[in-house]
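To keep things clear, I will list the structure first and then write my remarks on it.
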Amino acid sequence: MYLGASIRTALNIEDDNIEVIVADNASTDNTREVVEAETDPRLIYLPSDRRMSMRENFNRSVCASSGDYVLFIGDDDSVVTNQFRYLRRILEEQKPDGFSWFKATYGWPIQDFGNKTGGLRFYRKDSFGAPISYNPQDDIDALMHCKLGLLNPTPAIYHGCASRQFLDRIAPAPGVFFDSTIPDVNFQYRCIHLGGKFLHADHPFTINGYGPASTGGAHSAVKPDSLSAKIGRSFAAENRADPYEDIIDHALTVQLVFFSTLETLRERGGFTDPVPQYTDWYQYALNATRMKPEHAAQIEETLSSYAKRTGTQEQLTAARDRPARAKRTLSERLIRARSQISSFRLSAEQDSLNTVLTATNVCDAVLGQDYGAVLDKTMSTADAWRAAKRRAKEFTRQL
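The opening position of the sequence shown corresponds to residue 9 in this note's numbering, with each subsequent residue numbered one higher.
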């Protein structure tokens, strides 16, 4: 349903030195037909005769790739086609271990799914930002104290990229690049522990698409009979068959995913110092009982069992006595409100079509080629934003 549009955003890039790998995890839809309809030699089809975990699928994709840098997106996402030239330029000029960026968001306009779908929001603070350098190891204290909102910028291999040399250097074992259930978070936390030469740019090089079949929705689904919930149950079953399954059952909750990834990484990687502030992490993990009350007993049992195993029962008790954590801090809410004020939203519809491909076309048309001028330092970010707003007048506004 999504894949053809997603592939096209990458194949429309005018660059012979890229490869686009479609890692087909034993799909039962028309994935093979969609890929075989393309004749571009840069497209590589990686089939599987069995369902496997997301970790395994990510891992085999890295093994099958040959580029100097590796970038992952999902089948409902896109690469912002004409911005890729600037991504390549930054990588070639600065040669970072990894590079992250702002990802735009697009909701597929599926009937009875979501309210704000079929459009893109452009943010002033997340457009035309020049690359900044950082060492993710500087965030180790924030990670240990579960201050996840402070992990910004942060390494990303999903809607971000990493150099092959760096991936080989930090691999937990030969041919194994991710050793816990959620590969992108595993990569992020490993980088925070080990450090490296990283860049971040507040500029959209990719678009994060979402719909009822997205994996992310499975971790937030609250209706047991929803498509997202069914996908979540399948996701959990595939993970249980993986020898690198997490050491903590995350019960398909975002909070336990992050906690479980951290503890699995620490145990398997020998990252014993520093030690997490378990009261903070348990408080965060307990928030999952509010999101998924039907799993409250399972979550409590999971945390109690882990606390007993690690001798952290006292911290778990202290966490239970704390009030529930707000989803966002006051400062985070203020930043979000300010960014909304300096933004605009456009419909992604073109010629009666509304897909991640049309969203990419709109994004490129609005951004134009001004990011190159920003990199050349011949145009300011403010001037580039003003020019983008002028170009945006050619498109339909959304609230």
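Glycine is no exception: its CB is placed at the ideal position from the N, C-alpha and C atoms. Model, not experiment: these values are computed from the prediction.
What residue does the alpha helix (DSSP H) around residue 369 start on, and which one ends it?
In the sequence shown, counting from the first residue as 1, residue 369 sits at position 361. Run containing residue 369: 364 to 375, per the alpha helix (DSSP H) assignment.
Ignore the nearest five residues each way along the sequence and tell me which others in residue 405's own chain have a CB closer than 8 Å to its CB.
Counting from 1 along the sequence shown, the entry for residue 405 is found at position 397. In chain order, 352, 353, 354, 355 place their CB closer than 8 Å to the CB of residue 405, counting only its own chain and leaving out the 5 sequence neighbours on each side.
Rounded separation between residue 229 and residue 335 - CA only:
Along the sequence shown, one-based indexing puts residue 229 at 221. Along the sequence shown, one-based indexing puts residue 335 at 327. For residue 229, the pLDDT reaches just 49, beneath the cut-off of 50, and the residue's location in the model is therefore unreliable, although a value from the coordinates is still provided. Those two C-alpha atoms are separated by around 17 Å.
Residue 49, buried or exposed, once every other Cβ within 10 Å from all chains shown has been counted against 16
Counting from one through the sequence shown, the residue named residue 49 turns up at place 41. Classification of residue 49: exposed, given that the 10 Å Cβ count is below 16.
Helix, strand or coil at residue 227 [DSSP, three-state]
The sequence position of residue 227 within the sequence shown is 219, counting from 1. Below a pLDDT of 50, predicted positions are generally treated as unreliable, and residue 227, at 46, falls in that range; the measurement from the model is reported next regardless. Collapsing the DSSP output to three states places residue 227 in coil.
Mapping the DSSP letters down to three states, classify residue 397 as helix, strand or coil.
Numbered from 1 along the sequence shown, position 389 holds the residue referred to as residue 397. In the displayed model, residue 397 falls within a helix according to three-state DSSP.
Whose C-beta lies closer than 7 Å to the C-beta of residue 288 among residues of the same chain, with five residues either side of it excluded?
Position 280 of the sequence shown, counting from 1, holds the residue named residue 288. Cβ within range, chain order: 153, 154.
Quick one, are the C-beta atoms of residue 114 and residue 374 less than 8 Å apart?
Position 106 of the sequence shown, counted from the start, is the residue given in the question as residue 114. Position 366 of the sequence shown, counted from the start, is the residue given in the question as residue 374. At a Cβ-Cβ threshold of 8 Å, residue 114 and residue 374 do not count as neighbours.
When the distance is taken between beta carbons, is residue 110 closer than 8 Å to residue 212?
Here residue 212 is taken as the residue at index 204 of the sequence shown, counted from 1. Here residue 110 is taken as the residue at index 102 of the sequence shown, counted from 1. Yes, Cβ-Cβ distance for residue 212 and residue 110 is below 8 Å.
Taking the straight line between their C-alpha atoms, what separation do you get for residue 303 and residue 293?
Position 295 of the sequence shown, counted from the start, is the residue given in the question as residue 303. Position 285 of the sequence shown, counted from the start, is the residue given in the question as residue 293. Distance between residue 303 and residue 293, taken at the CA atoms: about 12 Å.
Is there a Cβ from chain D that is less than 8 Å from the Cβ of residue 376?
In the structure shown, chain D cannot be found, because there is only a single protein chain.
Could you name the residues of the same chain whose beta carbon sits closer than 7 Å to that of residue 263, not counting the 5 residues immediately before and after it, in chain order?
Counting from 1 along the sequence shown, the entry for residue 263 is found at position 255. Hits under 7 Å: 292, 293, 295, 296.
Suppose the cutoff is 7 Å on Cβ atoms and the five residues either side in sequence are ignored; what does the same chain contact list for residue 127 look like?
As a working mapping, residue 127 is identified with position 119 in the sequence shown. Cβ neighbours of residue 127 beyond the five flanking positions: 353, 354, 355, 356, 406.
Assuming the contact rule is C-beta atoms closer than 8 Å, residue 395 and residue 376 should be a hit. Round their C-beta distance to whole Å, please.
Numbered from its first residue, the sequence shown carries residue 395 at position 387. Numbered from its first residue, the sequence shown carries residue 376 at position 368. For residue 395 against residue 376, the beta-carbon gap comes to about 7 Å, under 8 Å, which counts as contact.
Could you tell me whether the Cβ atoms of residue 78 and residue 70 are closer together than 8 Å?
Taking the sequence shown and counting its residues from 1, the one referred to as residue 78 is at position 70. Taking the sequence shown and counting its residues from 1, the one referred to as residue 70 is at position 62. Result yes, Cβ atoms of residue 78 and residue 70 sit closer than 8 Å.
Fully enclosed by the stretch 41 to 91, which alpha helix (DSSP H) runs are 4 residues long or longer?
Taking 4 residues as the shortest admissible run, the stretch 41 to 91 contains the following complete alpha helix (DSSP H) segments, listed from N- to C-terminal end: 62 to 72.
Since residue 212 is in the beta strand (DSSP E), which residue starts that stretch and which ends it?
For this step, residue 212 is matched to residue 204 along the sequence shown. Per DSSP, residue 212 belongs to the beta strand (DSSP E) from 206 to 218.
Please indicate yes or no: does the CB of residue 270 lie closer than 7 Å to some heavy atom of the ligand FAD?
With respect to the ligand FAD, the structure shown offers nothing to examine, as it has no ligands at all.
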